[in-house]
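Only one structure is covered here, and it is reproduced in the block below.
Residue numbers (the numbering used here), protein chains in the order written: chain A, 106 to 269; chain B, 30 to 528.
Structure below.
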């Protein structure tokens, strides 16, 4: 039996719809002048997402709309093999970025960068201990020498070490 | 003019003149290659150094930086999908797919060729319009800015190929994000959720770094392997062929150069808008728009020609009126004032030699930096053969340190990370990131110009159509939107005929 909707794409359209509705409600809390253009944009987003959602349904209207608004060709790129990846691998890749951000915020660049590179290479990248450690040390040294040493940009020290 | 050119040549052809120009080129390339840091930072960083130099030497240093930054930025855009500077982001769309196909050398060659030609055309345009600068800049008011911004936003529909609905949706989200922060029209803050950091709005550099660098690193981390796919040609043999392609596709090169020069000359719009418009125009003009985003060399040539030609254009209002065309020019304005060179029509009369030194430096550095990029293309392209798991943490770390260095704010780092995740989600669900970026760049300009225009006219919206420059831009915009429809109609007519 064919499904009535293409779920991932349909859900994505609903997320944009929710964003549009939320933004519209938010815009209306401001006086008329600063709210004018945001309100218009919110309405445009709502209409677009509704058409998008309709186009993701397996109905005559959905199929007709899809022909006009969702062709095969997309001016974007994506890493080969990335489409077939499982949820766990995607979650892992996002986790590493978020973990690095959290570590930078807490401990600063000089502590977080070598730890992040080493742990990423060792666990996610499947590299040996020595190359992972070398990459971590060399990158951190290069970052420090370029930004702090050469250009005199202070590196963020981390909330635990006096950063704000 | 001849006397000034000779004076400028005299300043350049001294050991110190050559030294400062080469130093400018090296600094420009280095800052261009580093994601998140661009020409604005490079000029700002070296401004105190110019205090000890005479005006001509300072102009040689600055011209060297300006001419070289975009050449450096194009290399990382092509090889790592990480724009060195915001205007290089458009180069990623086709430069990176080319690198993935093992054609990094071809893309780098085409980028170098197009940006050299674009840079030269931009400078020659600057020379040509110097006598009529005043009339040109004064012709643009808020209605014209609004129409230009609208034209940029409508380019969304073109730039997203078949996925135009999702492109427009992403554009709408981009506009919502552009409204965050201080509202320059009503004078209050909006949509900040009580965060002081968001008062300045969504910062473009962290957003771009996140959307293009971090999100791509997430995608690579998921995919594994190397950037250039297995089976792709391993050698970088097509660099000169790439240069030749920028000449063979002379229409795209010229189109990008003209767009770069014109948009660069409009204060407030800047190189990013110019590069995206040049990309859209290349897609628009192509007989095979569906090949863009998959490694069409014209998708590299258009934005790169625009990237270097915009410098010549941006100098027009900066030198003639002291109105900077971009953030880079705003910092450069400080250098001019520091050296007692008061921008305005009299600048060219009183300090013609110094200005010609700047123009000469811009020309030479454009050529020099691209020659350096070409010479280094082989080792640089080797990056695409490295295991992505080695690249990912290094690029993420360097990009985020670069983002922090720009304003020394932790918020920028976190914003870049969040935009990275957003960018990846957009990739997964087929929302083009380019449209969000265009909207983010143009949102504030469009809203401000809209309100200013209505204030000027007493809420009479016909002001957008009664002023000649505004009407001309509007007609261009309509033509721009009609081209795909005309092309589709032609295709439909041809198909039955062929059948």
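Every residue, glycine too, gets a C-beta built ideally from N, C-alpha and C.
Residue pairing by DSSP places residue 110 of chain A opposite A:162 in a beta bridge.
Annotation: residue 110 of chain B is outside any alpha helix (DSSP H) and is labelled neither H nor E by DSSP. In this chain, the alpha helix (DSSP H) harbouring residue 418 of chain B covers 417 to 436.
Among the bridge pairs identified by DSSP, residue 219 of chain B is matched with B:210. DSSP places residue 207 of chain A in the uninterrupted alpha helix (DSSP H) bounded by 192 to 212. When 8 Å is used as the limit between beta carbons, residue 232 of chain A is near these residues of chain B: 418, 419, in chain order. Assignment of residue 79 of chain B by DSSP, reduced to helix, strand and coil, places it in the helix class. Boundaries for residue 229 of chain B: no alpha helix (DSSP H) harbours it, and the DSSP string shows neither H nor E there. A direct Cα-to-Cα measurement between residue 452 of chain B and residue 429 of chain B gives close to 15 Å. By the neighbour-count definition (other C-beta atoms within 10 Å, threshold 16), residue 403 of chain B is a buried residue. In the DSSP annotation of this structure, residue 460 of chain B is not part of any alpha helix (DSSP H), being labelled neither H nor E.
Boundaries of the alpha helix (DSSP H) around residue 394 of chain B: 381 to 404. A straight-line Cα-Cα distance of about 25 Å links residue 136 of chain B and residue 53 of chain B. Between the C-alpha atoms of residue 488 of chain B and residue 346 of chain B there is a straight-line separation of about 29 Å. DSSP places residue 161 of chain B in no alpha helix (DSSP H); its state is neither H nor E. The beta carbons of residue 163 of chain A and residue 119 of chain A sit no closer together than 7 Å.
When secondary structure is reduced to three states using DSSP, residue 134 of chain A falls in the coil class, being assigned neither helix nor strand. Between residue 215 of chain A and residue 260 of chain A, the alpha-carbon positions lie close to 7 Å from each other. The continuous alpha helix (DSSP H) containing residue 127 of chain B extends over residues 118 to 129.
Beta-bridge partners of residue 255 of chain B (DSSP): B:416. Residue 154 of chain A belongs to the set of residues whose beta carbon lies under 7 Å from a beta carbon in chain B. By the Cβ criterion, the segment 137 to 151 of chain B is in contact with the segment 388 to 404 of chain B, since at least three pairs of Cβ atoms, one from each stretch, lie closer than 8 Å. The beta carbons of residue 445 of chain B and residue 466 of chain B sit no closer together than 7 Å. A direct Cα-Cα distance of roughly 13 Å separates residue 443 of chain B from residue 436 of chain B. Contact annotation, residue 461 of chain B with residue 199 of chain B: C-beta distance approximately 6 Å; criterion of less than 8 Å satisfied. Per DSSP, residue 43 of chain B lies in no alpha helix (DSSP H) segment and is marked neither H nor E. When the Cα atoms are used, residue 153 of chain A and residue 159 of chain A turn out to be separated by approximately 10 Å. Buried is the label assigned to residue 321 of chain B, since at least 16 other Cβ atoms lie within 10 Å of its Cβ.
Residue 207 of chain A and residue 265 of chain A have their C-alpha atoms spaced approximately 12 Å apart. Under the three-state reduction of DSSP output, residue 340 of chain B falls in the helix class.
Put simply, the CB of residue 433 of chain B is near chain A, with a gap under 7 Å to one of its CB atoms.
Residues are counted here when their Cβ sits less than 7 Å from a Cβ of chain A; for the segment 89 to 115 of chain B the count is zero. Cβ proximity to chain A below 7 Å picks out 476, 479 from the segment 467 to 487 of chain B. In this structure, residue 209 of chain B places its C-beta atom within 7 Å of the C-beta atom of residue 220 of chain B. Secondary structure of residue 309 of chain B (DSSP, three-state): helix. What residue 138 of chain A touches in chain B, judged by beta-carbon distance under 9 Å, is 212, 214, 215, 480, going in chain order.
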